[in-house]
Amino acid sequence: QVHEVYRLRNMSLHARYSGSVKAVAARHGGVEPLQRLLFHGCAHPEPCRTIAAQGFDHRLHATHGRVYGDGVYQARDVGYSHNYAPADSGSGWHHMFLSAVAVGSSCTGRKSMKRPDLREGSTTVHHDTAVDDVDDPSIFVVFESGATQVLPLYVVAY
Numbered sequence: 269q270v271h272e273v274y275r276l277r278n279m280s281l282h283a284r285y286s287g288s289v290k291a292v293a294a295r296h297g298g299v300e301p302l303q304r305l306l307f308h309g310c311a312h313p314e315p316c317r318t319i320a321a322q323g324f325d326h327r328l329h330a331t332h333g334r335v336y337g338d339g340v341y342q343a344r345d346v347g348y349s350h351n352y353a354p355a356d357s358g359s360g361w362h363h364m365f366l367s368a369v370a371v372g373s374s375c376t377g378r379k380s381m382k383r384p385d386l387r388e389g390s391t392t393v394h395h396d397t398a399v400d401d402v403d404d405p406s407i408f409v410v411f412e413s414g415a416t417q418v419l420p421l422y423v424v425a426y
């Protein structure tokens, strides 16, 4: 049951995201990068407030698994993100973000990964994200500092 939906309008984060989309496009010869709407489960209301105000930061919020590298995890499937959104001890509610993500090009992630692999045929340009499966990705990892490739759009309390 959905209790509340909050639309986030943080102009600073939007400007950072727009700049990141342009930077990803520049790495791809000016072609607009693939963008997706993805989910991120949040453990407690306080980190949700921090993310809404400051954006995602894997140094502060990545506490689970990290199977595909040390970054900010976003998922295609709401059920996957629900597994990382335990009920708050006070309200009993779960919290989840719906975010826009400039996923760009992707490589397969690894546990020890600190940034995406180099793109095929390049000695300097890295992929933009890591994923669980390049043929049918359901988990996306953004490594970039400040995670400006991710724009939180909504917080859902359920």
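For reference, each letter of the sequence shown is one residue, going 269 to 426 in the numbering used here. In this text, a Cβ means the ideal position worked out from N, Cα and C, and glycines have one as well. Since we're looking at a predicted model, the values are computed, not measured.
Between the beta-carbon of residue i and the beta-carbon of residue j, is there less than 8 Å?
i, j, result
"Val-410", "Thr-391", "no"
"Leu-421", "Ala-368", "yes"
"Leu-336", "Gly-377", "Looking at the sequence provided, one finds Tyr at residue 336 rather than Leu. A contact, by the Cβ cut-off of 8 Å."
"Ala-320", "Val-423", "yes"
Just the C-alpha distance for residue i and residue j, rounded to the nearest angstrom, thanks.
i, j, result
"Gly-297", "Glu-388", "15 Å"
"Val-402", "Val-371", "12 Å"
"Glu-314", "Asn-278", "17 Å"
"Thr-416", "Ser-406", "20 Å"
"His-363", "Leu-276", "14 Å"
Terminal residues of the continuous beta strand (DSSP E) containing residue i?
i, result
"Leu-281", "Here Leu-281 belongs to no beta strand (DSSP E); instead the alpha helix (DSSP H) covers 279–295."
"Val-410", "407–410"
Buried or exposed, going by whether 16 or more other CB atoms sit within 10 Å of the CB of residue i?
i, result
"Gln-269", "exposed"
"Ser-280", "exposed"
"Gly-339", "buried"
"Ala-400", "With the sequence shown as reference, residue 400 is identified as Asp, and Ala is not the correct amino acid for it. Asp-400 comes out buried."
"Leu-305", "exposed"
Can you tell me where the alpha helix (DSSP H) with residue i in it begins and where it stops?
i, result
"Glu-314", "313–322"
"His-350", "346–350"
Does the segment 379–387 come close enough to the segment 282–289 that 3 or more CB-CB pairs lie under 8 Å? No, the segment 282–289 does not touch the segment 379–387.
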